[in-house]
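So the number in the numbering used here is just where the residue sits in the sequence shown, counting from 1, plus 13.
Here is the structure we will look at, set down as structure tokens.
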Amino acid sequence: MIERTNYLEWITSLKDKHVIKVITGVRRSGKSTLLRQYRNQLMQHGIPAEQIIAIDLDLFENESLREKHALHQYIIDRMQPDRMNYIFIDEAQRCPGFEDAVESLYSHDLTDIYITGSNAHMLSSELATLLSGRFMTIPVLPLSFREFSQARAEVDPRQRFYQYLEWGGFPEMLQFIDNPPSASSYLEGVYNTVLVNDVSERHAIRDMTALKRIARYMYAHAGSLISAGKIQGALTSAGHKISQPTVDSYIDYLTDGMLFYEAQRFDLKGKDYLKLLAKYYAVDTGLRNYVIGYRSEDIGHMVENIVYLELLRRRYPVLVGTVKGREVDFVVKEQYANSYIQVALTIQNTETLEREKASLKAIPGYEARYVFALDTPAVADKDGIRYVNIIDWLLGNDRILP
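Structural data, given as structure tokens:
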């Protein structure tokens, strides 16, 4: 079992704090395993088992607890007086109105509450309405390349990186990675489950064909600027008539189901957000490749996708920058300043290098600028631009943006 060290440290830092810990993430990203690891850690540090109340609402044997009063009473009956109670509710969205039960439990002294769910909207908007200021979200993504490498240490790092690029980082994928047909079947199962359970059923979608086509378009254009209008035009030209508001809604539903993450555009000169276009990145490159196929011409976008997800894992807010008609791949919002990143496969080609540098040099001010690539010299150039080897950075060997 791969230990999710960064997430465990984050959760541990919140232990016994009177705030509800909400662990979100796409299905099969490892949320349940993470909480099992944390519960084991609690017991290793002397917390008796009777102080830990854990319920997985995905399990059939817990079907009776998918009613908020039954869920609440089950937990109340097991709480220990005069001792801290560690309460874990897995896949909370399976219980309609669960937030009422959680609010009541929160009002009790000596409760430390952890809940998970596979739906961004359910675990933000609905909880925020009832529990404003009383919860903290911990977003869990599939395995990082560093975590993936723990299980593939015998493979050369560069070959390992391309395996990660192709098959993604779902933890259970590791058992199938050397068997491509089984790996594809696994990804198919994950994708269809999310699309049906966390998107279609939740939002009562009537046009599944349109939903699948929009998802396919977004995977094919992950890392490119897109809009609802562009997608509508593409579907209409392919013979599928659909309105732009419907496309907008379906994009929201796909991000709500955590299949995609949106990176907003930001005008670096005007210091303002731009609303017309945005980039969307896939939660997992393996899912992307399952839907549209692994294509060598898309590797640059997939590498950019991986860098974006890693920045999210490291808890940085990330935007897409524009300056003087040029695009800056990532604007990383730090506490006191921004950092700017261009991502390239290679910078051995002079023309490519100059193009990547031109966007960074157009940015006013003196904040940190980086070119991330798979082949880089480990020196800064005369323009103050730092070259970062992507594989080294992903493995934690380069402490830039730790």
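Just so you know, even glycine gets a beta-carbon here, dropped at the ideal spot from N, CA and C.
All figures in this text were calculated on a predicted structure; none of them were measured in a lab.
Between the CA atoms of G181 and E74 - distance to the nearest angstrom: E74 and G181 have their alpha carbons spaced roughly 32 Å apart.
In the DSSP assignment, find the beta strand (DSSP E) that holds I413 and state where it starts and stops. Following the DSSP letters along the chain, one finds I413 in no beta strand (DSSP E), marked with neither H nor E.
Secondary structure, beta strand (DSSP E): runs of 3+ residues fully inside the stretch 349–397: Secondary structure within the stretch 349–397: the beta strand (DSSP E) runs of 3 or more consecutive residues, fully enclosed, are 351–356 and 381–386 (chain order).
Could you give the first and the last residue of the continuous beta strand (DSSP E) run that contains Y103? The sequence shown places Asp at residue 103, rather than the Tyr named in the question. Taken as a continuous stretch (DSSP letters only), the beta strand (DSSP E) holding D103 covers N98 to D103.
In angstroms, rounded to a whole number, what distance separates the CA positions of Y321 and N205? Distance between the alpha carbons of Y321 and N205: 24 Å.
Shortest alpha-carbon distance to Y294 belongs to which of I66, A233, Q176 and Y303? Checking every option, the nearest Cα to that of Y294 belongs to A233.
Please identify the residue among I376, T363, Y303 and I102 whose C-alpha is closest to the C-alpha of K337. Ranking the options by Cα distance to K337, first place goes to I376.
Minimum C-alpha distance to S12 - residue among I100, N53, C108 and L47: Only positions 14 to 415 of the chain appear in this structure, which leaves residue 12 out of reach.
Three or more C-beta pairs under 8 Å: does that hold for the stretch 85–97 against the stretch 110–130? Result yes; three or more Cβ-Cβ pairs closer than 8 Å.
Any contact between the stretch 162–179 and the stretch 46–60? By contact I mean 3 or more CB pairs, one from each, below 8 Å. Judged by Cβ distances under 8 Å, the stretch 162–179 makes no contact with the stretch 46–60, as fewer than three pairs qualify.
Under the DSSP definition of a beta bridge, which residues are partnered with F273? A295, per the DSSP bridge assignment.
Do S42 and V153 have their C-beta atoms closer together than 8 Å? Yes. Within cutoff.
Does DSSP put I239 in a helix, a strand or coil? I239: strand per DSSP, three-state reduction.
I319 and T298 - do their beta-carbons sit closer together than 8 Å? Yes, they are a contact pair.
Candidates G110, V212, R91 and S26: which alpha carbon is nearest Y7's? Residue coverage of the chain in this structure runs from 14 to 415, which leaves residue 7 outside it and unanswerable.
Who are the near neighbours of T273 in its chain, counting only those whose CB is closer than 7 Å to its CB and skipping five residues on each side? Contrary to the premise, residue 273 reads as Phe rather than Thr in this sequence. Apart from the 5 residues on each side of it in sequence, F273 sits with its Cβ closer than 7 Å to the Cβ of M231, L267, Y293, Y294, A295 and V296 in its chain, given in chain order.
Where L72 falls, given that 16 or more other Cβ within 10 Å makes a residue buried: Exposed.
Is there contact here, the stretch 376–388 with the stretch 337–351, by at least three beta-carbon pairs under 8 Å? A contact exists between the stretch 376–388 and the stretch 337–351.
Per DSSP, which residues does M231 bridge with? Please list them. Under DSSP, M231 takes part in no beta bridge, so it has no partner.
Give a yes or no on contact between the stretch 220–227 and the stretch 246–255, applying the rule of three or more CB pairs nearer than 8 Å. The stretch 220–227 makes contact with the stretch 246–255: 3 or more CB pairs, one atom from each, lie closer than 8 Å.
Could you give the DSSP three-state label for G202: helix, strand or coil? Helix at G202.
Residue span of the beta strand (DSSP E) that contains D29, given as start and end: Element bounds for D29: n/a, residue is neither H nor E.
Candidates E340, V384, Y353 and Q86: closest to T359 by CA position: For T359, the nearest C-alpha among the options comes from V384.
Find the nearest neighbour of I88 within the set A114, G110, A105 and Q106, judged by alpha-carbon distance. With distances taken between Cα atoms, I88 lies closest to A114.
Per DSSP, the bridge partner or partners of A67: Per the DSSP secondary-structure output, A67 pairs in a beta bridge with F101.
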